[in-house]
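Numbered according to this note's numbering, the sequence shown spans residues 654 to 1056.
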Amino acid sequence: MSDISIQNVLAQSQASAAEFVAFRRDIHQHPELGFQEHRTSERVAEHLQSYGYSVERGMGGTGVVAQLRRGTGPRRLGLRADMDALPIVEATGVPHASQHHGVMHACGHDGHTAMLLAAARQLAEQGEFDGTLNLIFQPAEEGLGGALKMMEDGLFDRYPCDAIFAMHNMPGYPQGHLALREGAAMASSDQVVITVRGVGGHGAMPHKAADPVVAASSLVMALQTVVSRNVDPLAMAVVTVGAFHAGEANNVIPDCATLKLSVRALDRGVRQLLRERITDLAQAQARSFGCEATVDYKAGYAVLVNTPAETALAREVALALNGPDRVTLQAPALPGSEDFAFMLEKVPGSYLLIGNGDGQDDSPFAGHSACMVHNPNYDFHDSNVARGAAYWVLLTQHFLRSI
Ligand SMILES: [Zn+2]
Ligand SMILES: [Zn+2]
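Pasting the structure below:
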C-alpha cells in the first residue's frame, strides 16, 4: 500500500460519500427490527446487483450475500455488516429521524450497512484485487442471532471465506479513530433460569414444608462465590441474579421459587466453568434444604475472539489509513456481546471499532454521535461512511492482492 494509493482510495470514498450518506439517512428514517429488514435488505440487494455482484437474498431470513470475483486468485474474503434496528423511541430530533415510532437505528447498523455498500461500489468500479469477495449483510444482530441463522442456511458452505472482518462504530472514541484488539474482545452472554421446587405449606408450620424461598435465598448468596472463589482473579466473569420470584402471601410457604441470571465471560473455559459451578451449586444447595432445582441454561452469544494473524492485517490497514495517532492497536475488551462471535468460531478474522465521535468535532450532530449506542439520543456519524468504506476497500485490496 503506497501513500498515494491510500490517499486515492480515501479521496474516491469521499467523492461518492454524499450518495451513501443519503442512503444511510433513508434507512435511518425507515428502521426495521431483527428478521423484519425487508425494505432495507431489498434496497441493499438492488444496489449490489446494479454494481455487478451476484446477489443472494433471503439467507437466514432477511440476510443478503453478494459475491464479486476478480482474477484467478484462490483467496476468499468475507466482510460483514448488520442491518437491524432496536425497539426504542427516537429522541434525537434530527431531520432524518425515524418515521416509525418505537423503532430506531440506535446502534448505528444503518451506518455499517451504508459503509459496506459504499465500499461495494468502489471495489466494483475501481478496486484492484485478485480473488473472491463475499459481502455479508446480516439480519437481527440485536439479541436474535441473525449471524447464526445465516450460518445454518449454509453461509460458509456456499460462500467459503479464508478470513472475515466486521466493523462497529463506538461513541467515545474520536470520529474515524480505529480500535483493534487481538484475542477475546467481547463477552459471552448466557441466560439461566433456576427453578427451586419444595413442598408448600402453612406459614405457621414450616416444619411440615420444604421451603424453596429459603433454599433459593441461600443459593443467591452461594452464587456470589462462583466469581470470587472459582474464577481466576485475573479473568473476567459476571453472575448477576436479576430476578427472584416466589410466593404471594405472608402466611403461605410456596412450593416453588424462580431465579433468573445473566452470566458473562471473556474466555471459553471460564464460560464452561461458570456453567458447571452454577448447575452444581443450584442442585446441591436445593437438596440441602430438602428441595430440588432444575437449571435451564440457555447459551446466548459466544465469546468474540479475534485471531492473531487477521488482527495483525487489520491493524496494518488501520495504520496505513489513519496513521498511528488515530489507531488503538490493543483496545480494552468490552463486556457487551455480539453475534459476529459465531462467525469467528468458524472462520478466522477480526472485529474492529470505528470511533463515532467524542463530542469535540464540528459536525452539527456531534452531540448525538458521542452519545452511547442503544440510547434514544444516539446517531451514527455521517463522516464515517467515507472513512469506513475506504477502510474496507484497502483491507480488500490488501487481503486479495495479487501474489
Ligand atoms: Zn446494539
Ligand atoms: Zn450494534
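C-beta: ideal position from N, C-alpha, C; glycine also. What you are looking at is a predicted structure, and each value in this text was computed from that prediction instead of being measured.
Practice prompt. Below 7 Å CB to CB, which residues in the same chain sit around A973 once its five sequence neighbours on both sides are set aside?
Written response: Listed in chain order, the non-local C-beta contacts of A973 below 7 Å within the same chain comprise M654, I659 and L1047, local neighbours out to five positions each way being set aside.
Item to complete: Sort out for me which residues DSSP pairs A734 with in a bridge.
Response: Bridge partners of A734: F790.
Worksheet item: Is any heavy atom in ligand 1 found nearer than 6 Å to the beta carbon of E795?
Response: Yes - ligand 1 has a heavy atom lying nearer than 6 Å to the Cβ of E795.
Worksheet item: In three-state terms, what does DSSP make of Q667?
Response: Here Q667 sits in helix by DSSP.
Worksheet item: Going by the C-beta, is C760 closer than 6 Å to any heavy atom of ligand 3?
Response: Only ligand 1 and ligand 2 can be found as ligands here, which leaves ligand 3 out of the picture.
Worksheet item: Cα separation between L957 and Y1044?
Response: Between L957 and Y1044, the alpha-carbon positions lie close to 21 Å from each other.
Fill in: Start-to-end residues for the alpha helix (DSSP H) that takes in Y1044
Looking at the DSSP string, the run of the alpha helix (DSSP H) that includes Y1044 is S1036 to F1052.
Worksheet entry | CA-to-CA distance, E901 to G825, given in whole angstroms | Straight-line Cα distance between these residues: approximately 46 Å.
Discussion item. Do I906 and A946 have their beta-carbon atoms positioned less than 7 Å apart in this structure?
Written reply: Going by C-beta atoms, A946 is not nearer than 7 Å to I906.
Worksheet entry | Buried/exposed call for H860, threshold 16 Cβ in 10 Å | By the neighbour-count rule (16 or more Cβ atoms within 10 Å), H860 is not buried but exposed.
Practice prompt. Note down, in chain order, each residue of its chain lying with its Cβ closer than 8 Å to the Cβ of Q938, except the 5 sequence neighbours on either side.
Written response: The beta carbon of Q938 lies closer than 8 Å to those of A868, S871, L872, A875 and A946 in the same chain, with the five residues before and after it left out.
Discussion item. Which residues does DSSP list as the beta-bridge partners of E945?
Written reply: In the DSSP output, where bridge partners are listed per residue, E945 has R850.
Fill in: Helix, strand or coil at I741 according to DSSP, with G and I counted as helix
Correct three-state label for I741: coil.
Item to complete: Just the C-alpha distance for A986 and G1008, rounded to the nearest angstrom, thanks.
Response: The C-alpha of A986 lies about 15 Å from the C-alpha of G1008.
Worksheet item: What residue does the alpha helix (DSSP H) around L972 start on, and which one ends it?
Response: Per DSSP, the unbroken alpha helix (DSSP H) holding L972 starts and ends at P961 to N975.
Discussion item. Once the 5 residues before and after V1026 are set aside, which same chain residues still bring their CB inside 7 Å of it?
Written reply: The beta carbon of V1026 sits closer than 7 Å to the beta carbons of A759, C760, G761 and P824 from its chain, once the five residues preceding and following it are set aside; these are given in chain order.
Worksheet item: Using the C-alpha atoms, what's the distance from F782 back to L1005?
Response: Each residue's alpha carbon lies about 22 Å from the other.
Worksheet item: Are the stretch 732-740 and the stretch 788-802 touching, with three or more C-beta to C-beta distances below 8 Å?
Response: The stretch 732-740 makes contact with the stretch 788-802; the number of CB pairs closer than 8 Å reaches 3 or more.
Worksheet item: Whose C-beta lies closer than 7 Å to the C-beta of G1041 among residues of the same chain, with five residues either side of it excluded?
Response: Within the same chain, G1041 has close Cβ partners M768, M820 and I1007.
Practice prompt. In angstroms with no decimal places, state the Cα-to-Cα distance between Q667 and F1018.
Written response: In this model, Q667 and F1018 are separated by some 19 Å (Cα to Cα).
Worksheet item: How far does the alpha helix (DSSP H) with R811 in it reach, from first residue to last?
Response: Counting along the chain, the unbroken alpha helix (DSSP H) around R811 starts and ends at L808 to R811.
Worksheet item: With contact counted as at least three CB pairs below 8 Å, one residue from each stretch, are the stretch 717-724 and the stretch 828-838 in contact?
Response: No, because fewer than three Cβ pairs between the stretch 717-724 and the stretch 828-838 fall closer than 8 Å, the two stretches do not touch.
Worksheet entry | Rounded straight-line distance, which links the Cα of A837 to that of R692 | Here the C-alpha atom of R692 lies approximately 34 Å from the C-alpha atom of A837.
Worksheet item: Whose CA, out of A1039, A1023, G1010 and F993, lies closest to the CA of A816?
Response: For A816, the nearest C-alpha among the options comes from F993.
Worksheet item: Since A967 contacts L919 with CB under 8 Å, what's their CB separation in whole angstroms?
Response: Distance from A967 to L919 at the Cβ level is roughly 20 Å; contact not present, criterion being Cβ atoms closer than 8 Å.
Worksheet item: Straight-line CA distance for R697 to Q779?
Response: Reading off the sequence, residue 697 comes out as Val, not Arg. Looking at the backbone, the Cα of V697 and that of Q779 are separated by about 20 Å.
Discussion item. Between the stretch 978-985 and the stretch 994-1001, can you find at least three pairs of beta-carbon atoms closer than 8 Å?
Written reply: Two segments are said to touch when three or more pairs of C-beta atoms, one from each, lie closer than 8 Å; by this definition the stretch 994-1001 does not touch the stretch 978-985.
Worksheet item: Expressed to the nearest angstrom, what Euclidean distance is found between the alpha-carbon atoms of A890 and R834?
Response: Our two residues, A890 and R834, have alpha carbons roughly 19 Å apart in a direct line.
Item to complete: Pick helix, strand or coil for T725, following the three-state DSSP scheme.
Response: Coil at T725, not helix or strand.
Item to complete: Would you mind reading off the limits of the beta strand (DSSP E) that contains M712?
Response: Element bounds for M712: S707 to M712.
Fill in: Neighbourhood of V742 by C-beta distance below 8 Å, restricted to the same chain and skipping five residues each side
Cβ within range, chain order: H754, G755, M757 and P1029.
Worksheet item: Going along the chain, which residues of its own chain have a beta-carbon closer than 6 Å to the beta-carbon of S842, five neighbours each way excluded?
Response: The answer, listed in chain order, is R917, G953, Y954 and S990.
Discussion item. Using 7 Å as the threshold, is the C-beta distance between V894 and L926 below it?
Written reply: Between V894 and L926, the C-beta spacing is not below 7 Å.
Practice prompt. Round the Cβ separation of G798 and V1000 to the nearest angstrom and send it over; I've been treating them as touching at under 8 Å.
Written response: Incorrect: roughly 17 Å between the Cβ atoms, too far for contact.
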